[in-house]
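Last residue of the sequence shown: 635 (this note's numbering), numbering continuous. These notes concern the structure reproduced below.
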Amino acid sequence: MLKNDLHRLLRRQITKSGFTFPFVLENAEFFEMINEAYMSFDKDILHVEHILEESSKELFKANQALQSENDDTKSKLDNIVNTIKDVLFQTDNKGNFIYLNHAWEELTGLTIKNSLNKNYKELLKGMNKAEKFRLQEFLLEEQEEYKVVFKYYTPNQDKKWIDLQVSRTKDCEGRSTGAIGTMADVTQIKETEIELQKASKIKDDFISTISHEIRTPLNAVIGLSNVMLMENFLPDQLENLEALKYSGEHLLALINDLLDLNKLQSEEIQLVQTDFDLKELLNNLLNHFKPLAKDKFLTFRVAMDKRIPNNILGDSLKLSQVLNNLLSNSHKFTETGAIVLSVKLLEESESDIRIRFMVKDTGIGVPYNKQGAIFKSFVQAGDSTKKLYGGSGLGLTISRKILQLQDSDLRMRSVPKIGSEFWFDITYKKSKLSNNTLPVKSEKTATDPIDLRVLVAEDNKLNVLVLRKLFAKWKIHYEIAENGKKLLEAYSKRDYDLILMDLQMPVLDGYETTRKIRSMKDSIKSSIPIIALTAFAENEVKVKTRKFKMDGYMSKPFDANEFHELLSFYSNRVKNVG
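Encoded structure:
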């Protein structure tokens, strides 16, 4: 065994231990075993190193492949994200943008480079304080999502509407890390919506103005007709007066139909649930239509199921309006035979009652090819029908829409030259009142005197004429001022029991006049009842009269008996207080 054949580590150990070579030769077998162990260990190390080197090469290749695949996936995702027309963004918990796609630059006019790590409050110009506050609340209070449409101005001051939708992001432990969301340009949609709202307002204003302008002279026509009908006339004169009044009321009904249709289309009509006497409502219809039917030699009947209680809870005015429309149509289109209004109990529970109302006639009927169209606005059974019978073609449209508000619908069956049936099923609540507890309407005529001191603000001479005539008939003490300023002057000099206030007047309108009265230091003067007399539609004045602390309103042209009843109410109240 040569010395150079020994492993380097073994040679170093022999030298360090002070062994001589002859000693090593004497113990050659022992040192050979140690030498082989060292040599074997070296081979194992070389083998492991080789394996590690090969593994490292394979891992490097795999890592390169994964990196390439990751880069490819990221590139594809970036391409997808950046071709989306909506903005995709991510923020931290403070609202600083940490990611934005390319759509951001198109939408906002800002560069991504100058927008990253900046706060939304700094960048989203045009978002009002309330919107910014609600978005800040979302970030701070850890709501799950937030949506808003807000106005935005680009650096060039171009106005845009942006639909913002944002959701919270969380880490694996459920802690908030910020938010992710989208922004979409909805400028065209929003501006179309605004234009539609403007057009709707223009339409509403037009209808309101036309209604007001027509109602004012109508108030004189109907009011003076009522005054004259209190006198004794020859039969021919009386017939002329009744025709005049009917024409005025017919024109008023047409205006009301147009207003109702407009309110229904704008979803402004609300149901008023009150206890009412169904039997009384049907009797009123009978009393109104029976003479009309008699004039055409028609039979008119009302048949009410005896199982139905008199008192129920619902909107009696809407029910009366629908039945009036159906009965008016039947009367118009029936020349011979009969008209029957039947009211039948369908279902009853402890709290509810379901009733079917049906109007059946022996009129001209509706052609089969027109039956689907007659529920549309301004549509009648045919041109010949329209020329022969007239009418606006709104009654059935309005009736159906009113019923649909109450989860009901209008149905029909009709055979030309035989007759028609129109019916609807509607559920009412049972009234908690007994059949005898509802107040009975007064039968007092509009000629009874009324002890009342009334101050009136009215600038229209025709309306003043009507009021003077009625007040004279009812022996009312009154004074008329042509505007709000003159009314205040008169009120400062004398005391009155009631003020009737026109709303649209020169110098000082009814609202401002009322505000000045309500702010008077004299508590008695400031609390006088004030009733608005207006030719504007109900929905226009209801909220505003309440806001200005008026006690109510009456629409012109008003019904003489209802007006008499209102004045009598305040007269009785004065007597009771006195």
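All residues carry an ideal CB built from backbone N, CA and C; glycine is no exception.
Check whether the stretch 368-384 touches the stretch 325-337, taking contact to mean three or more Cβ pairs, one atom from each stretch, closer than 8 angstroms. Contact between the stretch 368-384 and the stretch 325-337 is present, because at least three Cβ pairs lie under 8 angstroms.
What's the gap between the Cα of glutamate 106 and the Cα of phenylalanine 78? Computed Cα separation, rounded: 34 angstroms.
Cutoff 6 angstroms; reference leucine 522; Cβ partners in own chain excluding five residues on either side: Within the same chain, no Cβ atom closer than 6 angstroms to the Cβ of leucine 522 is found once the five residues on either side in sequence are excluded.
Output the distance between the C-alpha atoms of threonine 570 and leucine 460, rounded to the nearest integer angstrom. Taking the straight line joining both Cα atoms gives about 40 angstroms.
Taking only runs of the beta strand (DSSP E) that begin and end inside the stretch 260-300, which ones reach a length of at least 3 residues, in chain order? As far as the stretch 260-300 is concerned, it has no whole beta strand (DSSP E) run of at least 3 residues.
Say yes only if the C-beta of phenylalanine 432 is nearer than 8 angstroms to one or more non-hydrogen atoms of the ligand ADP, and no if none qualify. As for the ligand ADP, it is missing from this structure, which has no ligand bound.
Helix, strand or coil, according to DSSP, for glutamine 437 in the structure here? Bear in mind that a pLDDT of 47 at glutamine 437, under 50, signals an unreliable position, so the model cannot answer this.
Helix, strand or coil: which one does DSSP assign to leucine 495? Annotation note: pLDDT 46 at leucine 495 (below 50); position unreliable, coordinate value reported separately. DSSP places leucine 495 in coil when its eight states are reduced to three.
Which residues in the same chain as aspartate 508 place their Cβ atom closer than 7 angstroms to its Cβ, once the five residues preceding and following it in sequence are excluded? For aspartate 508, the CB contacts under 7 angstroms within the same chain, skipping 5 residues up- and downstream, are Ser628 in chain order.
Since leucine 342 and leucine 384 are thought to touch, with beta carbons under 8 angstroms apart, how far apart are those beta carbons, to the nearest angstrom? In this structure leucine 342 touches leucine 384 by the C-beta definition: roughly 6 angstroms separates them, less than 8 angstroms.
Considering only residues of the same chain and omitting the five flanking positions on each side of serine 399, which have a CB-CB separation below 6 angstroms? Annotation for serine 399: Ala360, Met415 place their beta carbon closer than 6 angstroms to its own, counting only its chain and skipping 5 residues before and after.
Whole angstroms are fine: how far does the CA of serine 97 sit from the CA of phenylalanine 76? The straight-line gap from Cα to Cα measures roughly 23 angstroms.
Output the boundary residues of the alpha helix (DSSP H) element that contains histidine 159. Per DSSP, histidine 159 belongs to no alpha helix (DSSP H) and is neither H nor E.
Asparagine 517 burial status per 10 Å Cβ neighbour count (16 or more: buried): It is buried - the Cβ of asparagine 517 has at least 16 other Cβ atoms within 10 Å.
Answer with buried or exposed for glycine 231, where buried requires no fewer than 16 other C-beta atoms within 10 angstroms of its C-beta. Flag for glycine 231 reads exposed.
To which residues of the same chain is glutamine 327 closer than 7 angstroms at the C-beta, ignoring the five residues directly before and after it? Taken in chain order, the list of residues that qualify is empty.
Ignoring anything shorter than 4 residues, give me the alpha helix (DSSP H) runs that lie fully in the stretch 160-240, in order along the chain. Those alpha helix (DSSP H) runs which fall completely within the stretch 160-240 and span 4+ residues are 160-165, 177-180, 186-198.
Here's the rule: buried if 16 or more other CB atoms are within 10 angstroms of the residue's CB, otherwise exposed. What is alanine 85? So alanine 85 counts as exposed.
Any contact of the stretch 200-214 with the stretch 112-126, i.e. 3+ C-beta pairs under 8 angstroms? For the pair of segments examined, the stretch 200-214 was found not to touch the stretch 112-126: the number of CB pairs separated by less than 8 angstroms stays below three.
Taking aspartate 409 as the reference, give the member of Thr419, Leu376, Val379, Pro366 with the closest Cα. Restricting attention to Thr419, Leu376, Val379, Pro366, the CA atom closest to the CA of aspartate 409 is found in Pro366.
Consult DSSP for serine 387 and reduce its assignment to one of helix, strand or coil. Annotated three-state conformation of serine 387 is helix, per DSSP.
May I have the straight-line CA-CA distance separating phenylalanine 528 from valine 329, to the nearest angstrom? Approximately 32 angstroms between the Cα atoms of the pair.
Need the endpoints of the alpha helix (DSSP H) that arginine 69 sits in, please. Element bounds for arginine 69: 65-74.
Could you check where the alpha helix (DSSP H) with glutamate 83 kicks off and where it finishes? Residues 78-83.
Could you compute how far the alpha carbon of valine 206 sits from the alpha carbon of lysine 258? Rounded to whole angstroms, valine 206 to lysine 258 spans 22 angstroms at the Cα level.
Option nearest glutamine 561 by Cα separation, candidates Tyr553, Leu145, Thr591, Lys542: That would be Thr591, whose Cα lies nearest to the Cα of glutamine 561.
Isoleucine 169 and leucine 157 closer than 9 angstroms at C-beta: Contact flag set, yes.
Please list the terminal residues of the continuous beta strand (DSSP E) segment that includes valine 243. Per DSSP, valine 243 belongs to no beta strand (DSSP E) and is neither H nor E.
Starting from the C-beta of aspartate 242, find all residues in its chain whose C-beta is less than 7 angstroms away, skip the five residues before and the five after it, and write them out in chain order. Within the same chain, and ignoring the five residues on either side of aspartate 242 in sequence, the residues whose Cβ sits closer than 7 angstroms to its Cβ are Leu164, Lys217, Ile219.
By DSSP's criteria, tyrosine 485 is part of a beta bridge. Which residues make up the other side? Partner residues in the beta bridge of tyrosine 485, as assigned by DSSP, are Ile410.
Taking just the CA atoms, how far does glutamate 546 sit from asparagine 382? When the Cα atoms are used, asparagine 382 and glutamate 546 turn out to be separated by approximately 47 angstroms.
Taking the DSSP output, what are the residues bridged to methionine 469? Beta-bridge annotation (DSSP): methionine 469 is paired with Phe479.
Completely contained beta strand (DSSP E) runs for the stretch 523-593, where each covers 3 or more residues: You should have 534-538, 555-559, 587-591.
Pick out whichever of Ser477, Ile483, Lys474 has its Cα sitting closest to the Cα of aspartate 466. For aspartate 466, the closest alpha carbon among the candidates Ser477, Ile483, Lys474 is that of Ile483.
Segment limits, alpha helix (DSSP H) that includes tyrosine 627: Secondary structure note for tyrosine 627: its alpha helix (DSSP H) is the uninterrupted segment 617-634.
Euclidean distance between Cα positions of isoleucine 537 and asparagine 633: Distance between the alpha carbons of isoleucine 537 and asparagine 633 is about 26 angstroms.
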